[in-house]
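Each protein sequence line maps, in turn, to chains A and B. Going by the numbering used here, the first sequence opens with residue 1, and the numbers climb by one from there. Going by the numbering used here, the second sequence opens with residue 1001, and the numbers climb by one from there. From the three backbone atoms N, C-alpha and C, an ideal C-beta is built for every residue, glycine too. To keep things clear, I will list the structure first and then write my remarks on it.
There are 2 protein chains.
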Amino acid sequence: MKLITRNTDYAVRALCYIAEQKQEVISGDQLVKSLEMPRSFLRKILQTLNKEGFLNSSKGKGGGFALAVSAGEITLTDVMKIFQGPIRLSEHKFKKSDCPYISDCLLKKKIDEIEKEVIAKLKAITISSILKKGDKGK
Amino acid sequence: MKLITRNTDYAVRALCYIAEQKQEVISGDQLVKSLEMPRSFLRKILQTLNKEGFLNSSKGKGGGFALAVSAGEITLTDVMKIFQGPIRLSEHKFKKSDCPYISDCLLKKKIDEIEKEVIAKLKAITISSILKKGDKGK
DNA sequence: ACAAAATGATACAATTATAGTATCATATTA
DNA sequence: TAATATGATACTATAATTGTATCATTTTGT
């Protein structure tokens, strides 16, 4: 049972790395070398982050990826949504055939409460909050 | 992204149903009919709950399953552990090759905190707490 | 113009987890 | 001894996760 998949984990680490570097633009290969992730997989992840507006990309020599948004504005839920879809802790349904308690299902209610709290906490985790103290301003 | 799989969901509903009935012993087929779940799948789930000590089973006519433990003592985490293994929100590792921040990874720390809280809340959900008010004593 | 260095688009493949099915054996009861 | 129930277990299907690989396109520097 995982809440966070490797996709998301890699993406977060890549974002952190980019945010920490002095250079603005970091190439995919540099990330692969530094973070030791599977090349093709990371490349795909970077492309996705670009499409979703969290990274800017530039081609050619000296090109690569740079943050399109400040590190403080990228939350863990943002990244999770991109790579894992919407967060839902349970699929427990209201349908009569699925749950004998129908609209008044206490399990559903309790899970939903927990879900809300989890989402709130994940939302509070931003890229900059993950960076070591001292790097936070960036 | 799911926290609770269908296994667990079915198991919880079956336990609730058994806890609610006036008869102590409920046959698998009765559960299948009442809860409209796939027969073989539910049967396997019931067998597992029996092996794990949450249900007692009896064979032959009039046989079936009964709670082996009171509904207030079965928590959601118990059931989740059985069907989904240990709860871990992230696999984010401390290994040098996996995380550039190694032993001081703030992401890991933050996720672990959330994980602890989630587990505590899931632990607070028992079968009896899911049952409608009025049935709670059982 | 052209080669090198980078990303873009996209299709494919492997592995694992989830969800479900089916069958035969065994025990119990009437 | 037949009917009813679970036990053990092997098999299958589907979907999600985790990758891999290839060719196209853009940019830069010589």
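List, in order along the chain, the chain A residues whose C-beta lies closer than 9 Å to that of residue 1027 (chain B)?
Start at 1 with the first residue of the second sequence, and residue 1027 (chain B) comes out as number 27. Near residue 1027 (chain B) there are no residues of chain A at all, since even the closest Cβ is about 17 Å away, more than 9 Å.
Helix, strand or coil for residue 1120 (chain B)? Go by DSSP, reduced to three states.
Position 120 of the second sequence holds residue 1120 (chain B). In the structure shown, residue 1120 (chain B) sits in a helix (DSSP, three-state: H, G or I).
For residue 6 (chain A), tell me which candidate among B:1123, B:1090 and B:1108 has the shortest Cα-Cα distance.
Taking the first sequence and counting its residues from 1, one reaches residue 6 (chain A) at position 6. Checked all of B:1123, B:1090 and B:1108; the closest Cα to residue 6 (chain A) is B:1090.
Name the residue from A:53, A:37, A:9 and A:66 whose alpha carbon lies nearest to the alpha carbon of residue 19 (chain A).
As a first step, residue 19 (chain A) must be located in the first sequence, where it is residue number 19. The candidate whose alpha carbon is nearest that of residue 19 (chain A) is A:66.
By Cβ distance, which residues of its chain are closer than 7 Å to residue 1074 (chain B), with the 5 residues on each side in sequence left out?
Locating residue 1074 (chain B) in the second sequence gives position 74, counting from the first residue. Closer than 7 Å at Cβ, skipping near neighbours: 1015, 1054, 1126 and 1127.
Proximity winner among B:1085, B:1131 and B:1076, relative to residue 1124 (chain B) (alpha-carbon distances)
Within the second sequence, numbered from 1, the residue matching residue 1124 (chain B) stands at position 124. Out of B:1085, B:1131 and B:1076, B:1076 has the C-alpha closest to the C-alpha of residue 1124 (chain B).
Strictly under 9 Å for the Cβ-Cβ distance: is residue 33 (chain A) near chain B by that measure?
Along the first sequence, one-based indexing puts residue 33 (chain A) at 33. So no, residue 33 (chain A) is outside the interface.
Just checking my contact of residue 3 (chain A) with residue 1003 (chain B) at CB under 8 Å: how many whole Å lie between their CB atoms?
The residue given as residue 3 (chain A) occupies position 3 in the first sequence. The residue given as residue 1003 (chain B) occupies position 3 in the second sequence. With 8 Å as the limit, residue 3 (chain A) and residue 1003 (chain B) qualify as a contact, their Cβ atoms being about 7 Å apart.
Who does residue 1065 (chain B) pair with in a DSSP beta bridge?
Working through the second sequence from its first residue, we reach residue 1065 (chain B) at position 65. Its beta-bridge partners are B:1026 and B:1057.
Secondary structure of residue 1004 (chain B), DSSP reduced to three states:
Taking the first residue of the second sequence as position 1, residue 1004 (chain B) is located at position 4. Residue state, collapsed to three classes: strand.
Beta-carbon contacts of residue 27 (chain A) that lie in its chain and below 8 Å, excluding the five residues immediately before and after:
Within the first sequence, residue 27 (chain A) is the residue found at index 27, counting from 1. Counting only Cβ-Cβ distances below 8 Å, and skipping sequence neighbours, we find 63, 64 and 65.
Classification of residue 13 (chain A) by the beta-carbon crowding that lies within 10 angstroms, buried from 16 upward:
The residue you call residue 13 (chain A) lines up with position 13 of the first sequence. Buried, by the Cβ-count rule.
Let me know if residue 1024 (chain B) comes out buried or exposed under the rule of 16 or more other beta-carbons within 10 Å of its beta-carbon.
Stepping through the second sequence from its first residue, residue 1024 (chain B) is reached at position 24. Residue 1024 (chain B) comes out exposed.
Does the separation of the CB atoms of residue 88 (chain A) and residue 115 (chain A) fall below 9 Å?
As a position in the first sequence, residue 88 (chain A) is number 88, starting the count at 1. As a position in the first sequence, residue 115 (chain A) is number 115, starting the count at 1. Cβ atoms of residue 88 (chain A) and residue 115 (chain A): closer than 9 Å.
Neighbouring residues, chain B, relative to residue 118 (chain A) (Cβ below 7 Å):
As a working note, residue 118 (chain A) is residue 118 in the first sequence. Those are 1114 and 1118, listed as they occur along chain B.
Return the Cβ separation of residue 35 (chain A) and residue 17 (chain A) in integer angstroms, given the expectation that the two are a contact with Cβ distance under 8 Å.
Within the first sequence, residue 35 (chain A) is the residue found at index 35, counting from 1. Within the first sequence, residue 17 (chain A) is the residue found at index 17, counting from 1. Yes, they are in contact, since the Cβ atoms of residue 35 (chain A) and residue 17 (chain A) sit about 6 Å apart, within 8 Å.
State yes or no: is the beta carbon of residue 110 (chain A) nearer than 9 Å to at least one beta carbon in chain B?
Counting from 1 along the first sequence, the entry for residue 110 (chain A) is found at position 110. It does: the Cβ of residue 110 (chain A) has a partner Cβ on chain B nearer than 9 Å.
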